[in-house]
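Residue numbers (the working numbering), protein chains in the order written: chain Z, 26 to 215; chain H, 730 to 832.
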């Protein structure tokens with residue numbers, strides 16, 4: 026009994042630390058002016074989310090989060106941020122400040138709505154979580170699910186990734202002939 | 730059983746992350762930061778999916794979260810391609826000034 030409660034206290038401590046880091050880095054991503062710092066804050070957000078996934082016994086998703094997001098996607102983000110280079114930063118909002126006020130109201134409404142919906146259901150159904158076996162969330166278990174019950178989702182995901190890769194290559198390929206005439210008179214003359 | 734906090738606390742964090750990302754998408758004008766805010770929204774949804782997956786003891790939520798990750802990678806690929814194309818054409822990186830497609 027003592028061991029179980031000690032484990033619970035440790036999980037609480039880890040949860041509070043990871044949750045606070047998650048919320049703070051999320052706010053930091055939105056509020057930093059420099060996209061480079063925003064991307065770095067998002068890496069912190071993804072890492073703390075990976076800790077939360079581990080607490081929810083989703084080991085494979087946690088590892089994939091760190092590898093795919095914090096590893097691959099964020100490297101691409103930082104590369105493009107460095108490629109685009111320092112520019113004049115557009116201000117936070119355009120136009121009058123009632124737009125910002127409306128954005129705050131809309132997001133607050135979303136948040137309150139979700140919390141109220143959870144609170145209405147929490148009394149009955151969200152009280153006690155199910156017991157899960159030791160293989161819940163392991164790579165073998167995920168792989169078996171992906172190749173049996175969710176094979177269609179797996180294949181469609183691969184097609185979506187392929188299409189996105191082709192689209193990225195086409196968007197990134199040289200469009201000098203089409204784009205030269207816009208703001209470059211010499212290019213248009215030549 | 731689930732040690733530590735109840736599933737409701739995880740859902741609260743997920744809701745806050747989603748609202749934060751939505752605020753960033755609505756308010757910020759730099760397309761890079763709009764993309765980063767979209768990632769935060771997707772991660773909030775992912776956290777909710779994994780919480781419900783753990784709560785129900787069902788693996789479909791984790792499969793869905795992995796699919797969301799792949800779709801997010803695809804979205805970042807296309808979005809960053811668009812930003813690089815904007816940079817090539819010397820256009821301003823400001824989502825309010827990109828109104829060429831307006832009818």
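Ideal Cβ placement from N, Cα and C applies to all residues, glycine included.
Non-local C-beta neighbours of residue 754 (chain H) in its own chain, meaning closer than 8 angstroms and more than five positions away in sequence, comprise 763, 766, 767 and 770, ordered along the chain.
Taking the CA atoms as reference points, residue 777 (chain H) sits about 10 angstroms from residue 738 (chain H). Residue 795 (chain H) reaches chain Z at 86 and 89, counting residues in chain order whose Cβ is nearer than 7 angstroms. Residue 162 (chain Z) sits close to residue 83 (chain Z), with the two beta carbons spaced by under 9 angstroms.
Within the segment 775-805 of chain H, no complete beta strand (DSSP E) segment of 3 residues or longer occurs.
Interface criterion not met: the Cβ of residue 123 (chain Z) is under 9 angstroms from no Cβ in chain H. Neighbours of residue 48 (chain Z) in chain H, taken as residues whose beta carbon is under 9 angstroms from its own, are 742, 745, 746 and 749 in chain order. With its beta carbon less than 9 angstroms from one in chain H, residue 188 (chain Z) belongs to the interface. Going by C-alpha positions, residue 807 (chain H) is about 48 angstroms away from residue 30 (chain Z). Residue 828 (chain H) sits in coil when the DSSP states are folded into three classes, being neither helix nor strand.
Beyond the five residues adjoining it in sequence on each side, residue 91 (chain Z) comes within less than 8 angstroms, by CB distance, of 71, 72 and 75 in the same chain, given in chain order.
The C-beta separation of residue 792 (chain H) from residue 760 (chain H) comes to about 31 angstroms, leaving the pair out of contact by the 8 angstroms criterion. Of all residues in the segment 90-108 of chain Z, those with a C-beta nearer than 8 angstroms to a C-beta of chain H are 90, 93, 94, 97, 98, 101, 102, 105, 106 and 108, reading in chain order.
The C-beta separation of residue 809 (chain H) from residue 86 (chain Z) comes to about 24 angstroms, leaving the pair out of contact by the 8 angstroms criterion. Flagged as an interface residue toward chain Z: residue 776 (chain H), by a C-beta distance shorter than 9 angstroms.
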